[in-house]
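Visitor: For the first sequence, my numbering begins at 83 and goes up steadily by one.
One structure is given below, represented as structure tokens, and several questions about it will come after.
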Amino acid sequence: MSKTYDPQQIESAIQQRWQAQGAHRADRGEGERFYCLSMFPYPSGKLHMGHMRNYTICDVISRYQIMQGKQVLQPMGWDAFGLPAENAAMANKVPPAQWTRDNIAHMRDQLKALGFAIDWDRELATCDPSYYRWNQWFFLRLLERGVAYQKTGVVNWDPVDQTVLANEQVVDGRGWRTGAVVEKREIPMYYLRITDYADDLLTALDDLPGWPERVRTMQANWIGKSEGAEVVFECGEHRIEVFTTRPDTLMGATFMAVAAEHPLAKEASQGRPDIEAFIESCQQGGVSEADLATQEKRGIDTGLKATHPLTGESLPIFIANYVLMSYGSGAVMAVPAHDARDFEFALQYKLPIKPVIGLPDGREYDATEWHEDYATKTGSLVHSGPYDGLSCAEGFEAIVADLEKKGAGRRTTQYRLRDWGISRQRYWGCPIPIIHCDDCGSVPVPDEDLPVVLPEDLVPDGSGNPLNRCESFLNVDCPKCGRAAKRETDTMDTFVDSSWYFLRYTCPDNSEAMVDHQTQSWMPVNQYIGGIEHAILHLLYARFWTRLMKDEGLVQISEPFEHLLTQGMVLAETYYREDDSGRRQWFNPKDVETEHDAKGRVVSAHLISDGQAVIPGGVEKMAKSKNNGVDPAELVARYGADTVRLFSMFAAPPEQSLEWSDAGVEGAWRFLKRMWTGVQAHVDAHPSVDASRGEGIERQEALDLRRQLHEAIKKVGDDFGRRYAFNTAIAAVMALSNEIAKFEANNEAEVALVQECWEGVVMMIAPVTPHISEALWNTLGHNSSVFATGWPRCDESALVRQQITMVIQVNGKVRDRMDVAPGLDQDSIESLAKNSENTARFLDGKTIRKVIVVPDKLVNIVAT
RNA sequence: GCCGGGGUGGCGGAACUGGUAGACGCGCCGGAUUCAAAAUCCGGUUCUGGAAACAGAGUGGGGGUUCGAUUCCCCCCCCCGGCACCA
83 MSKTYDPQQI
93 ESAIQQRWQA
103 QGAHRADRGE
113 GERFYCLSMF
123 PYPSGKLHMG
133 HMRNYTICDV
143 ISRYQIMQGK
153 QVLQPMGWDA
163 FGLPAENAAM
173 ANKVPPAQWT
183 RDNIAHMRDQ
193 LKALGFAIDW
203 DRELATCDPS
213 YYRWNQWFFL
223 RLLERGVAYQ
233 KTGVVNWDPV
243 DQTVLANEQV
253 VDGRGWRTGA
263 VVEKREIPMY
273 YLRITDYADD
283 LLTALDDLPG
293 WPERVRTMQA
303 NWIGKSEGAE
313 VVFECGEHRI
323 EVFTTRPDTL
333 MGATFMAVAA
343 EHPLAKEASQ
353 GRPDIEAFIE
363 SCQQGGVSEA
373 DLATQEKRGI
383 DTGLKATHPL
393 TGESLPIFIA
403 NYVLMSYGSG
413 AVMAVPAHDA
423 RDFEFALQYK
433 LPIKPVIGLP
443 DGREYDATEW
453 HEDYATKTGS
463 LVHSGPYDGL
473 SCAEGFEAIV
483 ADLEKKGAGR
493 RTTQYRLRDW
503 GISRQRYWGC
513 PIPIIHCDDC
523 GSVPVPDEDL
533 PVVLPEDLVP
543 DGSGNPLNRC
553 ESFLNVDCPK
563 CGRAAKRETD
573 TMDTFVDSSW
583 YFLRYTCPDN
593 SEAMVDHQTQ
603 SWMPVNQYIG
613 GIEHAILHLL
623 YARFWTRLMK
633 DEGLVQISEP
643 FEHLLTQGMV
653 LAETYYREDD
663 SGRRQWFNPK
673 DVETEHDAKG
683 RVVSAHLISD
693 GQAVIPGGVE
703 KMAKSKNNGV
713 DPAELVARYG
723 ADTVRLFSMF
733 AAPPEQSLEW
743 SDAGVEGAWR
753 FLKRMWTGVQ
763 AHVDAHPSVD
773 ASRGEGIERQ
783 EALDLRRQLH
793 EAIKKVGDDF
803 GRRYAFNTAI
813 AAVMALSNEI
823 AKFEANNEAE
833 VALVQECWEG
843 VVMMIAPVTP
853 HISEALWNTL
863 GHNSSVFATG
873 WPRCDESALV
883 RQQITMVIQV
893 NGKVRDRMDV
903 APGLDQDSIE
913 SLAKNSENTA
923 RFLDGKTIRK
933 VIVVPDKLVN
943 IVAT
């Protein structure tokens with residue numbers, strides 16, 4: 083190998099060696115299996131830093147597990163259907179299929195340059211008929227079982243383009259291309275009964291100790307199980323059913339509110355143009371929950387009255403835009419005194435607010451301003467007639483019991499989770515295998531006619547799904563009666579594709595079945611890695627889909643992912659200039675230079691090309707709109723993959739956001755160069771040395787170095803294997819390297835120690851920087867691969883210290899330190915501490931009240 | 001709006017179970033090497049005062065528990081992720 087570190091030459095040579103040896107094929111040996119998976123990428127064009135980070139984390143864990151002797155499966159594929167391909171098609175007049183496949187080819191090359199231990203033989207793309215035919219096949223099974231069904235759903239409708247918009251395409255209630263005010267529209271769609279699995283998906287979260295707590299909490303809240311009661315209010319001959327989690331506040335209900343889509347709203351609008359206009363106005367704007375929840379609360383009195391089931395009081399019924407038809411029954415009993423949304427509405431429409439729960443510490447209820455504790459469940463009932471004095475829990479029971487007696491309600495459980503609508507009015511997705519026949523209705527495509535292949539030559543133009551105009555796709559004979567019929571043109575939500583791809587990796591070539599016996603031998607995925615933005619939807623759907631496949635007898639597990647790691651975003655500094663109209667022009671960090679003051683603070687920045695000032699705009703997520711993306715391919719070309727991998731693992735722990743820094747990349751590069759020259763210098767001076775096992779090492783410096791090596795082995799193994807704290811693992815290896823460089827070997831035993839240390843460094847950094855590690859492992863005299871050597875073992879005997887430094891505190895402040903033998907008894911520690919020079923000054927004239935000793939760490943003397 | 005997470009030197013971060021705040025890296029300052037520069041190497045670097053020893057302050061803000069709090073509890077501010085058709 084070369085005397086100077088030449089990453090391009092090393093990396094291509096090592097990658098060729100891996101390729102020739104089939105080093106990353108997963109199906110080779112016996113032994114414990116480890117399935118290490120990252121969320122597959124959407125093929126957007128080129129690899130970005132977020133991908134790079136995700137796959138590096140996955141590769142580090144995979145390679146660490148390989149060094150633990152496991153059979154590791156690390157696959158890769160493409161989440162290849164979706165909206166961006168249609169947008170690109172509109173912009174470039176290129177069919178989504180071609181655009182997508184070109185992107186895949188390019189990104190595959192970029193991934194390969196990074197040296198990941200991926201088994202490329204298992205690559206799949208969800209836009210391939212060989213993959214999505216199983217979406218279709220399984221959908222038909224779900225239809226047979228009644229898990230899939232049809233009902234109407236509400237979508238964003240752009241009245242100008244005459245097309246359905248994604249929530250992302252609705253900006254401030256208007257279509258992003260046309261600027262037209264979006265309307266809500268009901269259309270028929272296919273749904274999956276995920277709500278039947280709500281309780282199971284919720285309770286099984288407790289069986290996922292390998293998932294981050296926050297993800298489990300978010301999923302639990304999303305499913306949103308609430309115990310409460312259904313209460314019936316009568317309105318003429320109508321019965322309005324409402325769900326409430328707080329039946330204990332029923333005596334405080336002062337009005338009712340129904341959604342604009344509620345049947346009662348429609349009835350109230352008869353002969354009332356004002357109500358009709360209000361309902362119509364509610365149809366404007368997008369359907370996303372964030373939009374609905376942040377819009378101004380508006381309502382209108384229907385003039386109808388409901389009867390309070392316990393008091394017989396007459397309550398006005400409002401139509402309100404904050405009541406959602408999709409949750410519960412689309413109607414609420416409003417208790418403004420104890421619900422923030424009802425409170426705001428009551429204030430606005432001057433409706434009575436009647437407190438029925440006493441506030442803690444006997445405070446007066448102030449009906450002019452909402453306070454968080456108005457929603458308390460800890461007070462007791464007041465102004466509630468026969469229920470006065472009961473606690474909220476007792477009131478809940480008593481009121482529900484009375485409602486049940488009267489047949490006006492019952493205890494019930496409600497979920498926030500809604501059934502999963504999988505129909506999309508889009509072209510670039512998996513066709514839903516249904517044929518619409520005038521005589522036979524919606525007819526499933528027979529299994530033998532699968533897959534329903536998506537034509538790949540269409541180019542969407544923004545005016546709806548081009549499949550609707552594709553006669554060769556549309557026209558088909560009805561499988562039942564044989565007469566002319568039309569294919570369904572809706573395609574499936576791309577979350578369907580991503581709900582089971584991890585199963586298909588285990589048997590990608592099986593053309594006879596969706597999954598097979600190999601699936602069981604790899605599942606569940608031992609470690610899943612992906613962005614926190616997928617914490618709810620993708621992960622919940624994948625858990626649900628796995629259960630559906632289990633119910634179909636295709637797999638034997640319910641939970642697909644044993645351990646989950648959610649990686650943070652990749653950020654970079656932004657720079658901009660503002661023109662006269664306030665419009666910002668953004669500059670890429672690589673085109674900008676910064677000036678510092680004497681303390682290193684950034685004081686100004688300028689564009690390299692024209693030398694004129696630019697304004698630092700803060701650190702933001704890498705995005706096209708801010709032009710702050712850093713291209714991993716460029717960095718790999720300049721520094722090699724190992725440097726880029728090293729920096730991205732070193733700069734932050736995987737779960738946190740990572741701030742990109744070119745200077746930081748330089749630092750990683752310098753470390754690898756130092757490691758390279760350090761090993762070369764050692765081997766040049768002492769070729770063919772066997773690594774020490776501690777014999778004959780006597781000098782204190784040598785004992786200290788060996789202790790640091792074995793402390794590092796212990797720490798790095800723990801950081802890689804348990805904590806996934808790659809940044810601190812790398813820091814420990816860097817610190818050890820610095821110590822080795824300072825050390826001068828005086829005899830043979832010490833030369834062997836240096837050999838042992840460098841071997842340790844090379845092995846420990848190997849999961850992060852595999853190419854240089856392979857090369858240096860050979861330089862150190864080994865013919866094998868560093869990944870075949872196993873993980874270095876910690877020699878506990880090397881960890882023993884002669885002396886440790888203890889901290890002496892007086893009243894919690896560090897005043898002195900002392901060197902003592904480990905395990906020194908409490909009394910000796912106390913007396914040493916009291917007599918230490920600096921400590922005495924602070925004890926002078928004071929009485930010692932207490933002495934706390936933390937063995938081998940610290941003494942705290944409390945004195946007044 | 002609702003749910004979840006975060007805030008520590010000039011910067012990225014460390015401190016894992018309540019026990020020495022700032023490991024490691026970047027930047028900056030000083031020095032060596034060099035005709036010079038780049039590269040490399042050595043030393044310093046939380047802030048304030050001090051020549052130093054050392055002292056005081058300090059983990060977004062305010063309060064609390066504790067011998068001791070970045071860590072636990074309460075309130076507040078700011079930033080980020082998700083909200084069911086972006087993936």
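Beta carbons: idealized from backbone N, C-alpha and C, even for Gly.
Computed from a prediction, not measured in an experiment: that's the story for all the values here.
Taking the alpha helix (DSSP H) that P488 belongs to, which residues open and close that run?
Guide: As a first step, residue 488 is located in the first sequence; it is residue number 406 there, counting from the start. For clarity, residue 488 is Lys in the given sequence; the question names Pro instead. First-last of the alpha helix (DSSP H) with K488: 474-488.
Visitor: Using a threshold of 8 Å, state whether the C-beta atoms of P735 and A807 are closer than that.
Guide: One-based indexing of the first sequence puts residue 735 at position 653. One-based indexing of the first sequence puts residue 807 at position 725. Yes. Within cutoff.
Visitor: By the three-class DSSP mapping on this structure, what secondary structure does F825 have?
Guide: Against the first sequence, residue 825 aligns to sequence position 743. DSSP places F825 in coil when its eight states are reduced to three.
Visitor: Rounded to whole angstroms, what is the Cα-Cα separation between S663 and S370?
Guide: Taking the first residue of the first sequence as position 1, residue 663 is located at position 581. Taking the first residue of the first sequence as position 1, residue 370 is located at position 288. Near 32 Å, if we compare the C-alpha coordinates of S370 and S663.
Visitor: Please return the same chain residues whose Cβ sits closer than 6 Å to the Cβ of M83, not counting the five positions on each side in sequence.
Guide: Here residue 83 is taken as the residue at index 1 of the first sequence, counted from 1. Per-residue confidence for M83 stands at a pLDDT of 48, beneath the threshold of 50, marking its modelled position as unreliable; the derived number appears in the next sentence. Within the same chain, M83 has close Cβ partners A857, T861.
Visitor: Kindly identify the DSSP beta-bridge partner or partners of T573.
Guide: The residue labelled residue 573 in the question sits at position 491 within the first sequence. According to DSSP, T573 bridges with R506, P513.
Visitor: Quick check: the segment 296-304 against the segment 322-329, are at least 3 beta-carbon pairs closer than 8 Å?
Guide: Touching, no.
Visitor: Counting Cβ pairs, one atom from each stretch, are 3 or more of them under 8 Å apart for the segment 233-244 and the segment 758-765?
Guide: Judged by Cβ distances under 8 Å, the segment 233-244 makes no contact with the segment 758-765, as fewer than three pairs qualify.
Visitor: Ordered along the chain, which non-local residues of its own chain (more than five positions away) have a Cβ less than 8 Å from that of G255?
Guide: Here residue 255 refers to the residue found at position 173 of the first sequence. Only V263, V264, Q366, G367, G368, D373 meet the Cβ criterion.
Visitor: Give the DSSP-derived three-state secondary structure of E709 in the structure shown.
Guide: Position 627 of the first sequence, counting from 1, holds the residue named residue 709. Per the sequence shown, the amino acid found at residue 709 is Asn instead of Glu. DSSP places N709 in coil when its eight states are reduced to three.
Visitor: Helix, strand or coil for R948? Go by DSSP, reduced to three states.
Guide: There is no way to answer for residue 948, as the model of the chain reaches only from 83 to 946.
Visitor: Report, in whole angstroms, the separation of the C-beta atoms of I481 and G461, which I expect to be a contact under 8 Å.
Guide: For the purposes of this step, residue 481 is taken as the residue at position 399 of the first sequence. For the purposes of this step, residue 461 is taken as the residue at position 379 of the first sequence. No, I481 and G461 are not in contact; Cβ-Cβ is about 15 Å, not under 8 Å.
Visitor: Does the segment 242-260 come close enough to the segment 594-611 to have 3 or more Cβ pairs within less than 8 Å?
Guide: In short, these stretches do not touch, since the Cβ pair count stays below three.
Visitor: What does DSSP give as the partner residues of Q667 in its beta bridges?
Guide: Here residue 667 corresponds to residue number 585 of the first sequence, with the count starting at 1. Its beta-bridge partners are R659.
Visitor: I need the straight-line Cα distance from Y273 to Q638, nearest angstrom please.
Guide: Position 191 of the first sequence, counting from 1, holds the residue named residue 273. Position 556 of the first sequence, counting from 1, holds the residue named residue 638. Computed Cα separation, rounded: 25 Å.
Visitor: Report yes or no: do the segment 878-895 and the segment 149-158 share at least 3 C-beta pairs separated by less than 8 Å?
Guide: The segment 878-895 vs the segment 149-158: no contact.
Visitor: Give the DSSP-derived three-state secondary structure of T861 in the structure shown.
Guide: Locating residue 861 in the first sequence gives position 779, where the first residue counts as 1. Here T861 sits in helix by DSSP.
Visitor: Going by beta-carbon coordinates alone, are A811 and V798 separated by less than 8 Å?
Guide: As a first step, residue 811 must be located in the first sequence, where it is residue number 729. As a first step, residue 798 must be located in the first sequence, where it is residue number 716. Yes; because the gap between Cβ atoms is below 8 Å, this pair is in contact.
Visitor: Can you tell me the Cα-Cα spacing of G905 and T495, whole angstroms?
Guide: Taking the first residue of the first sequence as position 1, residue 905 is located at position 823. Taking the first residue of the first sequence as position 1, residue 495 is located at position 413. Spanning the two alpha carbons is a distance of roughly 59 Å.
Visitor: Buried or exposed for I854, please, with buried defined as at least 16 other CB atoms from any protein chain shown within 10 angstroms of its CB.
Guide: Position 772 of the first sequence, counted from the start, is the residue given in the question as residue 854. Flag for I854 reads buried.
Visitor: Measure the Cβ-Cβ separation of G503 and T573 and say whether it is below 8 Å.
Guide: For the purposes of this step, residue 503 is taken as residue 421 along the first sequence, with counting starting at 1. For the purposes of this step, residue 573 is taken as residue 491 along the first sequence, with counting starting at 1. Contact: no.
Visitor: Distance, Cα to Cα, E716 vs Y509?
Guide: Taking the first residue of the first sequence as 1, we reach residue 716 at position 634. Taking the first residue of the first sequence as 1, we reach residue 509 at position 427. Using only the alpha carbons, I get a separation of about 34 Å.
Visitor: When DSSP builds the beta bridges, which residues end up paired with C317?
Guide: Along the first sequence, one-based indexing puts residue 317 at 235. Bridge partners of C317: H320.
Visitor: If you check the beta carbons only, do V229 and A490 fall under 8 Å apart?
Guide: What you label residue 229 is simply residue 147 of the first sequence in a count that begins at 1. What you label residue 490 is simply residue 408 of the first sequence in a count that begins at 1. No.
Visitor: Cβ atoms of E655 and V726: under 8 Å apart, would you say?
Guide: Your numbering for residue 726 matches position 644 in the first sequence. Your numbering for residue 655 matches position 573 in the first sequence. No, these two residues do not count as a Cβ contact at 8 Å.
Visitor: Among V868, W751, T946, which one has its Cα closest to the Cα of Q90?
Guide: The residue given as residue 90 occupies position 8 in the first sequence. Of the candidates V868, W751, T946, the one whose C-alpha sits nearest the C-alpha of Q90 is W751.
Visitor: Between the C-alpha atoms of D786 and I886, what's the straight-line distance to the nearest angstrom?
Guide: Position 704 of the first sequence, counted from the first residue, corresponds to residue 786. Position 804 of the first sequence, counted from the first residue, corresponds to residue 886. So the two alpha carbons sit approximately 12 Å from each other.
Visitor: Nearest to A311 by CA position, among G318, T331, I847, is which residue?
Guide: Taking the first residue of the first sequence as position 1, residue 311 is located at position 229. Among G318, T331, I847, the Cα nearest to that of A311 is on T331.
Visitor: Q90 by DSSP, collapsed to three states: which one?
Guide: Looking up residue 90 in the first sequence gives position 8. Q90 falls in the helix class under three-state DSSP.
Visitor: Beta-carbon within less than 8 Å of T929's beta-carbon, same chain only, minus the 5 sequence neighbours each way: which residues are those?
Guide: For the purposes of this step, residue 929 is taken as residue 847 along the first sequence, with counting starting at 1. A945, T946.
Visitor: Let me know the secondary structure DSSP gives A566 once reduced to three states.
Guide: Within the first sequence, numbered from 1, the residue matching residue 566 stands at position 484. Correct three-state label for A566: strand.
Visitor: Are the CB atoms of L940 and V889 within a distance shorter than 8 Å?
Guide: Start at 1 with the first residue of the first sequence, and residue 889 comes out as number 807. Start at 1 with the first residue of the first sequence, and residue 940 comes out as number 858. Going by C-beta atoms, V889 is nearer than 8 Å to L940.
Visitor: Relative to the C-alpha of I269, which candidate in D282, Q430, D661, W239 has its C-alpha closest?
Guide: As a working note, residue 269 is residue 187 in the first sequence. Closest by alpha carbon: W239.
Visitor: Measure from the alpha carbon of G208 to the alpha carbon of each residue in Q192, I186, H465, then state which is nearest.
Guide: Here residue 208 refers to the residue found at position 126 when the first sequence is read from its first residue. It is Thr, not Gly, that sits at residue 208 in the sequence shown. Considering only alpha carbons, the answer is I186.
Visitor: Measure from the alpha carbon of L616 to the alpha carbon of each residue in Q649, R107, E362, R586, then state which is nearest.
Guide: Numbered from 1 along the first sequence, position 534 holds the residue referred to as residue 616. Leu is not the amino acid found at residue 616; the sequence shown has His there. Among Q649, R107, E362, R586, the Cα nearest to that of H616 belongs to Q649.
Visitor: Quick one, are the C-beta atoms of L646 and V297 less than 8 Å apart?
Guide: Residue 646 sits at position 564 when you count from the first residue of the first sequence. Residue 297 sits at position 215 when you count from the first residue of the first sequence. Cβ distance < 8 Å, so L646 and V297 count as in contact.
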